[in-house]
Amino acid sequence: MYHLYAFATPNSVKAVIMLEELAQDYQLRPINVKQGDQKSDTFLALNPNGKVPVLVEAGAEGNEPLVLTESSAILVYLAEKHGRLLPNGGAERARVFEQLFFHASALSPSFGQAGFFKRLASEPQPLAELRFSTEAERVTGLMDRVLHERRFVAGDIYSIADIAHFGWFWRREFAGVTLDGYPNIARWYDQMSQRPAVRRAITRLNALVPQA
Ligand SMILES: N[C@@H](CCC(=O)N[C@@H](CS)C(=O)NCC(=O)O)C(=O)O
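Structure representation (structure tokens):
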């Protein structure tokens, strides 16, 4: 049984989709990042970086539980443990890591920072907003060209790299990104959205958000 500390956020949804794809038993532990739950002492004791998602897996007989942060590390851990959504080796596995590292080092930070400077910064920072919005748009164009050549982001097969990219495209509005003019991402996004595991994950996370 897994416990996942999460909220309706781009990085959280990746771990929830993965657990749903693997048909695992898990409990969602809501961390309302809008209210600052991620900065509580209890949560910081779990993840000193103060961010969701965090996966906790009970240890076998007397062993310490595994506490794992970073959405990409969680995806890799679950894929390897359950033998799904990550090819065993060779070029296919390398392509998945290429996309996953691109996600963690380029797409995710550009979307996150574009959204921050557009919506959350305490005072306008035009240069920073322009820099990250332009970068988010640039990587979106790049992804569209990748998906012109490939059915899924790392090739012909669905993988954890698709789950990673989906997280931020699901929350693209925060970053000010739309799919207008990106027909290949739109086709892939529709296909991803129709997966029962993806639908279940989104429903479960949306249910964590208090209604106004
Ligand atoms: N690199 C981390 C990023 C995690 C992250 O930025 N999580 C956001 C939600 S999507 C968060 O917890 N934000 C709250 C904060 O930074 O205070 C990952 O991939 O898991």
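77 is the number of the first residue of the sequence shown in the working numbering; add one for each residue after it.
The beta carbon of each residue, even a glycine, is placed where N, CA and C say it ideally should be.
For ligand 3, I want to know if residue i counts as a neighbour, meaning its beta carbon is within less than 6 Å of at least one of the ligand's heavy atoms.
i	result
P86	Ligands displayed in this structure: ligand 1; ligand 3 is not among them.
Please state the DSSP three-state secondary structure of residue i.
i	result
A91	helix
E140	coil
F83	coil
T118	helix
G252	coil
G112	coil
G257	coil
G231	strand
P272	helix
G159	coil
N123	coil
A283	coil
A288	coil
P315	In the structure as shown, the chain begins at 77 and stops at 288. Residue 315 is therefore absent and cannot be evaluated.
A99	coil
G135	coil
G243	helix
G166	helix
In terms of DSSP beta bridges, what is residue i paired with?
i	result
T216	Paired residues: none, contrary to the question.
T145	V130
R105	Y81
If you check the beta carbons only, do residue i and residue j fall under 7 Å apart?
i	j	result
I239	I93	yes
V130	L120	no
R65	A230	Absent from the model: residue 65. The displayed extent of the chain is 77 to 288, so no value can be given.
F193	E211	no
A190	G252	yes
L255	A84	no
V89	G243	yes
D113	M77	no
Would you kindly work out how many angstroms separate the C-alpha atoms of residue i and residue j, rounded to a whole number?
i	j	result
I107	Q287	15 Å
F173	N164	12 Å
V285	K115	18 Å
P185	S209	11 Å
R214	M268	22 Å
A82	D220	29 Å
A277	A283	10 Å
V128	L144	10 Å
R247	L176	18 Å
G188	A197	12 Å
R169	E199	43 Å
D266	E137	43 Å
H224	L98	28 Å
E156	K110	32 Å
P259	Y153	32 Å
Check the C-beta distance from residue i over to residue j and give it rounded, since I have them as a contact under 8 Å.
i	j	result
S147	N87	4 Å
L142	L104	That belief does not hold up - the Cβ atoms of L142 and L104 are roughly 17 Å apart, past 8 Å.
H179	A91	Not quite, the Cβ-Cβ distance comes to about 14 Å (not below 8 Å), so this is no contact.
Strictly under 7 Å for the Cβ-Cβ distance: is residue i near chain D by that measure?
i	result
P124	Among the chains in the structure shown there is no chain D, since it carries only a single protein chain.
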